[in-house]
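Colleague: Pasting a structure below so you can have a look.
In the numbering used here, the protein residues as written are 594 to 751.
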């Protein structure tokens, strides 16, 4: 077997921190960049999610620029990952895994026993990402997105 000539990207020197109101435009831009219009949240939906009880948002920034975020909430023993968005230049470099690990640890500390999320059935990269982290498909949510695209509800027991 030949050794791989493909170089792995350098580890990212990003800073994770809690969401601040000044980040809102960046979150909206990132979500529009990451998803097709029928799947992306509109600014009103993001704003509404951010003010719900038991909702947390963590951003990753590099050089004062938001390059990713995760938005989640919980109710009793069930956590919900609303969205995880990464700038395309920052994908496949471990940032998504770091977000998921932080989110799951935080939720577990709050007594959450399982985490759910929704993902478009045609988003193969995201489905593989979640499965690699222990999430399994629970059911199909027909016509979940505005354009009629179905979603999988995926779940992980913590």
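Using N, Cα and C, we set each Cβ at its ideal position, and we do this for glycine too.
#1: Taking 7 Å as the cut-off, decide whether the C-beta atoms of residue 661 and residue 634 are in contact.
#2: I need the DSSP call for residue 751, collapsed to helix, strand or coil.
#3: Under the three-state reduction of DSSP, which class applies to residue 686: helix, strand or coil?
#4: Using DSSP bridges, identify the partner residues of residue 678.
#5: If residue 690 and residue 659 are in contact, beta carbons under 8 Å, what's the gap, nearest whole angstrom?
#6: Mind listing, in chain order, the continuous alpha helix (DSSP H) runs of no fewer than 4 residues lying wholly within the region 601 to 628?
#7: Classify residue 607 as buried or exposed, calling it buried when 16 or more other Cβ atoms lie within 10 Å of its own Cβ.
#8: Consult DSSP for residue 653 and reduce its assignment to one of helix, strand or coil.
#9: If I measure Cβ to Cβ from residue 654 and keep anything under 6 Å in the same chain, skipping five residues before and after, which residues do I get?
#10: Report yes or no: do the region 695 to 708 and the region 729 to 740 share at least 3 C-beta pairs separated by less than 8 Å?
#11: For residue 736, which three-state DSSP category applies?
#12: Report the rounded CA-to-CA distance for residue 598 versus residue 640, giving the unit in angstroms.
#13: With H, G and I counted as helix, E and B as strand and the rest as coil, what does DSSP make of residue 706?
#14: In angstroms, rounded to a whole number, what distance separates the CA positions of residue 744 and residue 638?
Modeller: Put simply:
#1: Here residue 661 is not near residue 634, since their CB atoms are 7 Å or more apart.
#2: Reduced to three states, the DSSP call for residue 751 is coil.
#3: The answer is coil: DSSP assigns residue 686 none of H, G, I, E or B.
#4: Secondary-structure assignment with DSSP links residue 678 through a beta bridge to 662.
#5: About 18 Å separates the CB atoms of residue 690 and residue 659; that is not less than 8 Å, and the two are not in contact.
#6: Taking only runs of at least 4 residues, the alpha helix (DSSP H) segments lying wholly in the region 601 to 628 are 617 to 627.
#7: Buried, since its Cβ has 16 or more Cβ neighbours within 10 Å.
#8: It is a strand residue.
#9: Scanning its chain for C-beta atoms nearer than 6 Å, with the 5 sequence neighbours on each side dropped, one finds around residue 654 the residues 608, in chain order.
#10: Segments in contact, no.
#11: Here residue 736 sits in coil by DSSP.
#12: For residue 598, the predicted structure reports a pLDDT of 47, less than 50, and the residue's modelled location is therefore unreliable. A value from the coordinates is still provided. Distance between residue 598 and residue 640, taken at the CA atoms: about 45 Å.
#13: Look at residue 706 here: in three-state DSSP terms it is coil, with no helix or strand label.
#14: Whole-angstrom Cα-Cα distance: 18 Å.
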